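In the numbering used here, the protein residues as written are 333 to 1332.
Dropping the structure here:
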C-alpha cells in the first residue's frame, strides 16, 4: 500500500477537520451575505470569484441551449466544430486504424496537440482516457449534465498547473436541477446507415427544506457503423495520382486513380524470381491463381488486361466506428450550515467500440525473415532427416525457382480465411470529486476536495497470426500414419496442435489450420489519477479603488498509467512489430497564489486593475524537478460599453508517462541516409563526417564509381525503435493575448449586441516531440564536432561494420522524445452576437432573431522538429485553415425555436511534407473552401401531456450533403478508409434526426 505524501495528508485532514467543525453547528436560514457569496462566479482562468463572466483572459461560453441546438450526441463532436479547435487526434471517423485508441474523442485547442489542452470538470482535472497521456476522452462526459462550457486561450499553468498551454476547456455541470427530463433521439444518414439511438434520463430535486440538491443522470447511446464500401468516394481502393510519381509535378494531387488494389491477394502471389546485383527482384515470375484455380505466371493487380488479381481493401474498411456508450453521473451538494457546503460529484462511463479492418496481409518475410530468401524453402529436412520439397507448392513454381537458383519462394497473401480483422475496445471511466466548500463571516471563500479518477481499457484484436506457429505450419510433410494426409515436420509443434497450412490458392487454409495459427492480440490498460486540493480566496484589504483580492492554495496530483500487451505482441511475434508495455507514474506537489489589484474604480474609467498569479511545482520526474510559472493580466473597463484586456503568461507542460517511459516500438520505415552518394571529393562537413566512418570509406574505395552507393534493399527500409525518454524536462510556453469586448448599452430594449476581438500568440520552447529519424541523422552528420565530440543523437545510429555484405549501410536508427522542438502560433478570434425583436421592426413575423458568429484567423503557425531542421509551416494546412468561422441564426417565438448553423472551413493546403508550401500555388495543392449547413426545429407542445411538458425536435446535419474534398491514399492528410481528412471534413454526409424531451 502506498503511503500518502504529507501534502495529501494535510489536504485530507483539512477536509475532515472542516467537516467535523461544521456538523455540530446549528443550521440557520441563509443570510444576505451568504446569498451574495453564492451568486459570485469563479470564471475559468482565475480562482478569484467575480460578479460576472467578464474576464481579462479571452473567454468563450457555450450554454446548455447551444449544446442542445448543436444536436450532437457526443459533446466532443460538438466542440470540435468550433473554429478555435484544430483537427482532433482521435474521433469516431479518423481512428479506425489506430486500434489502441479507436473511437476515442478528444479536443485540440489551436491544433497544438491534445496534450497541450487542459480539460476540467467544475474546475478540477478529469482522468485521461488515452493511456500514458493527459488527453481526456470526451465520450465520458454526458452532454445533458453540462450547464455550460467555458473555453479560454493562452497559458494558464499559474492557475491550473501543467498542460494548460493552448488553453483550458472547463465543463460546468448542473447542480441545482429540479424535476425529471426524459430525452430520446434517433438519427439516420441519407444512405440508410450510421443509425444513432440515444436515450437519457435526468433527475434532480431539492431535499431537507432546500438545504441540499441531488442531480442524477443516466443515458445510453448506440452509434452504428458506416463502411467505406457504402460511400462513392471510398468504395474502391484508390490513390492520389501524384503519389504514383512524386517527381512528376504535372500529376493531380486531389484526384483518384482507381482501382488501386492491394498486391496481397486472397489467392496469394508467389515470387520464384531471382535478385540482381543491386538487390532488385527480377520480374516475370509473379505467379498467382485465377478465379477458376488456374495457375498463371503473371500478376495483374488492378485488372488492366484481365480480371483484377489484387484485393479491394475498401470492401472491409470502416469510416465511422460503431460505438455504444452507457453514462451515469451525479452532482450532489448539502448545506451543513450557513457557511459550509458538502459536495459530491461522480461520473461513470462504459464505452464499447469495434473497429473493422480488411483481412490480415501476410508477407513471407515476416515468417522466415532472412532464411531461405524470406520465403518457403525449396528444400528442407523432414522428420526423418531427409530433404524434401513443400508438398503443396505447385510443380511449375518449384521448377522455375530451382532453375533461378534461389533458396525459397516468397509470397504475399491475404489471410481471408480469418475473416476481417477486428479490434474491440471496452473502456470504463469512473471519477468522483468530493469535499467541502464555504465562506467565513469575513467573506472569504474556501474549498477542500479529493478527486479520484480511473480509466480501464480491455482490448482484443482478432484476425492476427502467430508467426512462429505459421512457420511451423508452412513446413509440412506427408503423414506416414495417414496416407494422403499431411502433418507439420516439427514434432514439438505437432504436440502443440500444429496443422499444416496451404497458402496456394483461394480458401486453401483449413479451419483447423486457422485455429492453430491464430493469435489474437490483447491489451489491458489502467490509468489512475488522484488530486488533493485546498483553495482559499477573499479580500486581503481595502484599497482606495476597492479590495485587493487574493486566492491561494495547495494541490497534490498523482498520475499512474499501465498499458500491458500480450506476450506475443511484446515480442513482435503475432504479425506486428515489437510493441512493449508502457507503464510509469509520477506525482507533483504545488502551491499557488493569485492577486487581483484594483487601481482605478469609477475614477476616469469604470475600472482599471491588474491580476497576477504564480505557481511553484515540485515534480517527482527527475528531469523536471521544481518549476515556477506566472501570469499577469490587465483589465480596463472604460465604461459599461468598452472592456480592454491583455494577459501574458509563462506556462509549462511536464512530460507525460508515455513520453517518459515508452521503451520503444519497432519500426522499419524508410529513412534517407545523408551519406548516400558521398565520394572522396564531395565537399562539406557532412561528407567529411561520413568518410570518417571506416566502413563507408571502404565502400567508397571499392565502388566502381567511387561513391557510397546503396542497394535497393538498403534503401527500402531501416530498422529502429521509436519511444520515450526518461530524461525529458518540461517544455515552456510564453503566451500573450490582447483584445477588447464591446457591449453597447445605449441600444433600444429590443436590440442587443456584443463584439469581442482578441489577438493571441503562443510560443513554445523545448517542446517535447519525437525527433524524426531523418532529423536524427542530420543532427549527427551535420555536427562540425562529429569526429571529436559527436552530437548525442549519434548514439541512436548504428551501421553495418567493415566486412559485412552491407558494410557502411544503416542498420538501426532510433528516435526518441526530446526537448528539441519549437512551436509558434498566433492568430485572432472574433465573437459577434446580435439579437432583436422582429415585431418592433414592423415585420409581419413575431418573435426574436439572434445571429452569432465566431471566427478564428490563424496568422502564423510554425514547427521546428529539431535544431537546423526545416520549418514546418502549419498555418493554412488542412486541419489548420487560416480562416474558419461558425455562424448561427436562431429564431425564438413562444414555444417554437429554429436554428440554422453554417460552418466555414477556408481553403487549405496539403501537408508541406508532401509538397513544399513554396511551390504550392503552381502545383494546385489547395482544397477548396467548404460550407456546412445544419438545421434544427424545436417545438414545445402547449399545456401538458400525461403530466409532462413535451418538446419535439428534428433536424438535418449537412443539409446540402456537401462532399468532402478528395484526399486519397499516398497523401499524409488522408485518413485510411475515408479518402479524405475525416477529422476535419464530414466523411458521413447528410443525416436526419428526430427526438423528444419530456419534462415532469
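No residue lacks a Cβ here, since even glycine has one placed at the ideal position from N, Cα and C.
Please read all numbers here as calculations on a predicted model, not as lab measurements.
Rounded to the nearest whole angstrom, the CA to CA distance from residue 408 to residue 451 is 11 Å.
DSSP lists 1259 as the bridge partner or partners of residue 1240. In its chain, beyond the 5 residues on either side, 585, 1241, 1242, 1247 have a beta carbon closer than 7 Å to the beta carbon of residue 1257. In the three-state reduction of the DSSP assignment, residue 1017 falls in the helix class. For residue 911, same chain residues with a beta-carbon under 8 Å away, outside a window of 5 residues either side, are 897, 901, 902, 904, 997, 998 in chain order. Taking the C-beta atoms as reference points, residue 1088 is found nearer than 9 Å to residue 1164. For the pair residue 1279 and residue 515, the Cα-to-Cα distance works out to about 15 Å.
In the displayed model, residue 588 falls within coil according to three-state DSSP, outside both helix and strand. Residue 936 counts as exposed, since fewer than 16 other beta carbons sit within 10 angstroms of its beta carbon. The alpha-carbon separation between residue 566 and residue 574 amounts to approximately 18 Å. For residue 949, the enclosing beta strand (DSSP E) stretches over residues 937-951. If you draw a straight line from the Cα of residue 987 to the Cα of residue 952, it comes to about 11 Å. The residues 791, 897, in chain order, have a CB closer than 6 Å to that of residue 855 in the same chain once the five nearest residues on each side in sequence are set aside. By the neighbour-count criterion, in which a residue is buried when 16 or more other Cβ atoms sit within 10 angstroms of its Cβ, residue 422 is buried.
Taking the C-beta atoms as reference points, residue 1103 is found no nearer than 9 Å to residue 1129. For residue 1107, the enclosing alpha helix (DSSP H) stretches over residues 1105-1113. The continuous stretches of alpha helix (DSSP H) do not include residue 594, and DSSP gives it neither H nor E. Taking all protein chains in view, the Cβ of residue 753 is crowded by 16 or more other Cβ atoms within 10 Å, so the residue is classified as buried. Restricting attention to 894, 1216, 1112, the CA atom closest to the CA of residue 461 is found in 894. Under the DSSP assignment, residue 412 falls outside any alpha helix (DSSP H); it carries neither an H nor an E label. The stretch 1017-1031 makes no contact with the stretch 947-966: fewer than 3 CB pairs, one atom from each, lie closer than 8 Å. Excluding its 5 nearest sequence neighbours in each direction, residue 767 has C-beta neighbours in its own chain below 7 Å: 347, 675, 779, 780, 781, 782, listed in chain order. The residue from 838, 967, 834, 788 with its alpha-carbon nearest to that of residue 844 is 834. Counting every other CB atom within 10 Å of its CB across the protein chains shown gives residue 829 a total below 16, marking it as exposed. With distances taken between CA atoms, residue 504 lies nearest to 399 out of 635, 1281, 399, 796. Per DSSP, the beta-bridge partners of residue 530 are 517, 553. Cα atoms of residue 729 and residue 756: separation of roughly 40 Å, rounded to the nearest angstrom. Ranked by how close their Cα comes to the Cα of residue 703, the residues 618, 720, 803 have 803 in first place. Here residue 530 has 405, 517, 553 as same chain residues with Cβ atoms under 6 Å from its own Cβ, once five neighbours each way along the sequence are excluded. Counting the other CB atoms within 10 Å of its CB gives residue 1092 a total of 16 or more, which places it among the buried residues. Your pair residue 846 and residue 749 checks out as a contact, with CB atoms roughly 5 Å apart and the cut at 8 Å.
Counting only residues of its own chain and dropping the five nearest sequence neighbours on each side, residue 481 has a CB closer than 6 Å to the CB of 394, 503. Counting along the chain, residue 991 sits inside the alpha helix (DSSP H) bounded by residues 989-993. A Cβ-Cβ contact shorter than 9 Å links residue 629 with residue 618.
For residue 826, the uninterrupted alpha helix (DSSP H) run begins and ends at 823-827, by DSSP.
Here the alpha carbons of residue 446 and residue 697 stand approximately 37 Å from one another.
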